[in-house]
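In what follows, a single structure is set out as structure tokens and then discussed.
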Amino acid sequence: MARGLDKGDSGTHLMTFHPTGGRGSSEVFHTDDWLDFNMRQNGHTTEFNPRYEQTRVDYDRTPTKPVLDGEPIYEDHPISFKAKELGHSVGADVRRPLYWDLFMGAFGHTYGHHSVWQMWQPGRVPVNNPLLYWPEAMDQPGAAQMQYGRWLMESRPFLTRIPDDSVIVPADPPSSVPGAGLKRYVATRDSEGAYAMVYVPAGRPFKVRLDKVTGGKVKAWWFNPRNGKATSAGEFPNSGEREFTPPDAGENLDWVLVLDDATRKFPPPGTVRK
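Written as structure tokens, this is what we have:
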């Protein structure tokens, strides 16, 4: 089918394959010429391991092909399809995969809502315990917060960005930082050293390696994934390791630490270009 579509289309459109839950197109089709980029369905779980970590695995494959998470957990979706045992996802559950995927090497991200895909409304039979009618679901917080991830990515040089968890100094025990499950920290940086970013899913202290950024001084910022706002976190000599503590200590209050080469004079993270 893929070869037929490719031939009939004469290569006009990019082509990929939408896999089943927890799988990726790369498992079967990575070396096929018709597959222009890989798609994962990391699926309707909330844990980094073992699903969302696979985005980095696809990023590292050869031959090199871009990767996209085409179906992360939807907002207000029964977690792991077990509504009675695990409840439904919330805004924090859909924000985490956004940054996990983007910082681990994905070239983009998708968002879904459990009520919207089925267009649930009065008179329509619900599928798998939706919570809201779809017009109301359009205003759920996670949907609006997706744009802040884009603002953040586009406020810094984009095409030279690479995943690099070595920015993060592992704690003792490492299950705290970089963590696992819901609380996995991930990092990305500019390959030329202009900046680095760390996604912080929990408000606990952690250390970073400042020398992953160039320049004599590092300008630090806190970017709030919940409202798209950035605040200064100080300017520091570029040497060794430094500990940072997020502005709020809540375990579900996530942040992004942004470290800039101060000489680049970047605007606050998330500044929308005009």
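Positions 34 to 307 (our numbering) are the ones given, in order, by the sequence shown.
Note that the Cβ used here is the ideal one computed from N, Cα and C, for glycine as well.
When DSSP reads this structure, Thr221 sits in a beta bridge with Pro196 and Met230. Beyond the five residues adjoining it in sequence on each side, Leu185 comes within less than 7 Å, by CB distance, of Phe256, Val289, Pro302 and Gly303 in the same chain, given in chain order. Note that the region 60-74 touches the region 90-105; at least 3 beta-carbon pairs, one per stretch, sit closer than 8 Å. Scanning its chain for C-beta atoms nearer than 7 Å, with the 5 sequence neighbours on each side dropped, one finds around Thr193 the residues Asp223, Ser224 and Glu225, in chain order.
In the DSSP annotation of this structure, the continuous segment of the beta strand (DSSP E) that includes Trp255 starts and ends at Lys250 to Phe256. Here Met152 is exposed: its Cβ has fewer than 16 other Cβ atoms, across all protein chains shown, within 10 Å. Within 10 angstroms of the beta-carbon of Phe191 lie fewer than 16 other beta-carbons, which makes it exposed. Boundaries of the alpha helix (DSSP H) harbouring Val61: Ser59 to Phe62, taken from the DSSP string.
Each residue's CA atom was taken as its position, placing Ile195 and Ala227 some 12 Å apart.
Looking at the backbone, the Cα of Thr278 and that of His110 are separated by about 31 Å. Take the alpha-carbon of Val233 and the one of Arg129: they are about 9 Å apart. The Cβ neighbour count for Asn271, taken over all protein chains shown within 10 Å, is at least 16; the residue is labelled buried.
Apart from sequence neighbours up to five positions away, the residues of its chain that approach Ala116 with a beta-carbon distance below 7 Å are Asn162, ordered along the chain. Counting only residues of its own chain and dropping the five nearest sequence neighbours on each side, Gly214 has a CB closer than 7 Å to the CB of Glu80, Phe81 and Asn82.
Along the length of the region 75-145, whole beta strand (DSSP E) runs at least 3 residues long occupy 100-102, reported in chain order. Proximity to Leu164 across Pro211, Gly156, Tyr85 and His121 peaks at His121, based on C-alpha coordinates. Bounds of any alpha helix (DSSP H) do not take in Ser265; it lies within the beta strand (DSSP E) bounded by Ala263 to Pro270.
In the DSSP assignment, Trp288 forms a beta bridge with Val233.
Collapsing the DSSP output to three states places Val149 in a helix. A distance below 8 Å between beta-carbons, with the five flanking residues on each side excluded, links Pro168 to the following residues of its chain, in chain order: Gln154. Asp172 carries a coil assignment under DSSP once its states are collapsed to helix, strand and coil. Excluding its 5 nearest sequence neighbours in each direction, Leu68 has C-beta neighbours in its own chain below 8 Å: Ala35, Met48, Thr49, Phe50, Ser58, Phe62 and Lys98, listed in chain order.
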